[in-house]
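Report on the following structure.
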């Protein structure tokens, strides 16, 4: 019997950088009544507030809800009527500068620099630095067309790897690459989740759209969790509906 259901965010629960729709928000409310729910993704806390927290319906059992920004290097819980950060593993200034320099050089070498940028392209999230090829505020249509087969980002990652020994480099979202300290990926985050909330790994189920080698959801599979690779938000809704039906007393 599963006690906790964990999710990726973009491409799994919502479109990239978009808020949960009404149906998904209500399905999560239903799931919170029968299990603990965790969302682990590359975005930082303000992005989770916008996409998830602000969309939760009144009466949702938030004490069962866990948020893990920046690939699980931070963890938030709802305690005493407010969201509180339980832990956070942050880069040093030298680590941040090293990553920024390498990203700029790798994108230049790959030939993927573009004049059309919407918002910040390299974002320091404290415990993770994220490269968004078209910028953080790029429209969905442009993002969907830029690298649908992940080939461009795989190329950039190959260039980055010798430049950034000691760091983990993962493909995430629609146009992004997430960089953390070596050994920090969703397997790290989900293991830390298990230890923090006292739920065994075999009692956790994980859903994500990037459960493939090199995808930022794949470490959940290598950790040994029961995983479900979903094609899109609509398929996630179907899976949640089934899980709620199975877990209802």
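Residue numbers (our numbering): 148 to 396.
C-beta: ideal position from N, C-alpha, C; glycine also.
Please classify residue i: does DSSP put it in a helix, a strand, or coil?
i: residue 221; result: strand
i: residue 392; result: helix
i: residue 168; result: coil
i: residue 212; result: strand
i: residue 246; result: helix
i: residue 196; result: helix
i: residue 336; result: helix
i: residue 259; result: coil
i: residue 377; result: coil
i: residue 408; result: Residue 408 falls outside the range modelled here, since the chain spans only 148 to 396, and no answer is possible.
i: residue 253; result: helix
i: residue 367; result: helix
i: residue 161; result: strand
i: residue 382; result: helix
i: residue 372; result: coil
i: residue 284; result: coil
i: residue 149; result: coil
i: residue 201; result: helix
On the DSSP bridge assignment, give the partners of residue i in chain order.
i: residue 343; result: Answer is none; residue 343 lacks a bridge partner.
i: residue 154; result: 186 and 354
i: residue 229; result: 226
i: residue 279; result: 323
i: residue 328; result: 314
i: residue 235; result: 221
i: residue 362; result: 318
Restricting to Cα atoms, I'd like to know which of the options is closest to residue i.
i: residue 398; options: 327, 342 and 345; result: The requested residue 398 does not occur in the structure, where the chain is confined to residues 148 to 396.
i: residue 277; options: 149, 363 and 182; result: 363
i: residue 185; options: 172, 151 and 198; result: 151
i: residue 295; options: 352, 319 and 198; result: 319
i: residue 256; options: 306, 240 and 247; result: 306
i: residue 236; options: 175, 258 and 275; result: 275
i: residue 313; options: 157, 234, 348 and 332; result: 332
i: residue 261; options: 279, 329, 191 and 207; result: 279
i: residue 382; options: 149, 246, 160 and 321; result: 160
i: residue 172; options: 380, 393, 396 and 291; result: 380
i: residue 163; options: 153, 148, 302 and 188; result: 188
i: residue 234; options: 224, 367 and 258; result: 224
i: residue 222; options: 191, 206 and 149; result: 191
i: residue 273; options: 396, 242, 386 and 299; result: 242
i: residue 458; options: 155, 167, 168 and 181; result: Because the chain is modelled from 148 through 396, residue 458 falls outside the range shown and cannot be assessed.
i: residue 170; options: 384, 395, 396 and 394; result: 384
i: residue 290; options: 301, 263, 350 and 308; result: 263
i: residue 219; options: 155, 351 and 299; result: 155
i: residue 427; options: 303, 322 and 301; result: Residue 427 lies beyond the stretch modelled for the chain, which goes from 148 to 396, so this question has no answer here.
i: residue 386; options: 371, 372, 396 and 352; result: 352
i: residue 205; options: 330, 175 and 149; result: 175
Report the CB separation of residue i from residue j in whole angstroms; it is logged as a contact under 8 Å.
i: residue 389; j: residue 376; result: Actually they do not touch by this definition, with Cβ atoms about 15 Å apart.
i: residue 198; j: residue 165; result: 7 Å
i: residue 334; j: residue 369; result: 6 Å
i: residue 344; j: residue 203; result: Between residue 203 and residue 344 the Cβ distance is about 19 Å, and since that is not below 8 Å, they are no contact.
i: residue 367; j: residue 310; result: The Cβ separation is near 27 Å, so there is no contact.
i: residue 265; j: residue 281; result: 6 Å
i: residue 259; j: residue 303; result: 7 Å
i: residue 350; j: residue 149; result: 6 Å
Checklist entry - Counting pairs of Cβ atoms below 8 Å between the segment 281-297 and the segment 337-346, do you hit three or more? => result No: the two stretches stay apart, fewer than three of their Cβ pairs being nearer than 8 Å.
Checklist entry - Does the pairing of the segment 347-365 with the segment 203-215 give three or more beta-carbon distances under 8 Å? => result No, because fewer than three Cβ pairs between the segment 347-365 and the segment 203-215 fall closer than 8 Å, the two stretches do not touch.
Checklist entry - Do three or more CB pairs link the segment 262-269 to the segment 229-236 at distances below 8 Å? => result Three or more Cβ pairs closer than 8 Å define a contact, and the segment 262-269 falls short of that threshold against the segment 229-236.
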